[in-house]
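Working notes, beginning with the structure itself.
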Amino acid sequence: MDSYRKKSSADARSILESGISTLDALNTSLAALPFKGNDALSQAESAFVATLAEGDVEKANEVVDAAYKVTRDALSMGSNHSRTLERFVNLHVPQMGEHIKMTVTVNAPLVSF
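Position 38, counted from 1, in the sequence shown is what this note's numbering calls 38; the numbers after and before it change by one each time, with no gaps.
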């Protein structure tokens, strides 16, 4: 059990230490997309409608493909990070006990999270 705790600590620490570089990489990926600003989705939709109006419905949409890949990878990474952090919490926070008021008081915020 101790080896699992050590591994989960190392994995959680790795996520926390690489957080800024991960966000920088995501921002860079999103900045590479051609549409910017608060109306980026509206711009992308207008471009897609214009492509459809040309009559070529089989034509690939590079913008949507690029956005999909960035989004898919970010969601997958976020899901993996969430499971890793959940495993860390489960291995390091004592189980909540009904008969021990201190344990309930300390763990209640974590359980609601």
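All C-beta atoms in this analysis are idealised placements derived from N, C-alpha and C, irrespective of residue type, glycine included.
All of these numbers come straight from a predicted model, not from anything done at the bench.
*Hey, which unbroken runs of the beta strand (DSSP E) at 3 residues or more fall wholly within the region 15-99?*
none
*For Val63 and Pro34, believed in contact at Cβ under 8 Å, the rounded distance*: What you label residue 34 is simply residue 34 of the sequence shown in a count that begins at 1. What you label residue 63 is simply residue 63 of the sequence shown in a count that begins at 1. Right, the Cβ-Cβ distance comes to about 6 Å (below 8 Å), so this counts as a contact.
*What's the gap between the Cα of Asn90 and the Cα of Ser18?*
Residue mapping note: residue 90 aligns to position 90 of the sequence shown, counting from 1. Residue mapping note: residue 18 aligns to position 18 of the sequence shown, counting from 1. Approximately 22 Å, taken between the alpha carbons.
*If we count Cβ pairs, one from each stretch, closer than 8 Å, do we get three or more for the region 61-79 versus the region 3-16?*
no
*If we count the other Cβ atoms within 10 Å of its Cβ and call it buried at 16 or more, is Ala12 buried or exposed?*
Position 12 of the sequence shown, counted from the start, is the residue given in the question as residue 12. Looking at its Cβ environment, which holds 16 or more other Cβ atoms inside 10 Å, Ala12 is buried.
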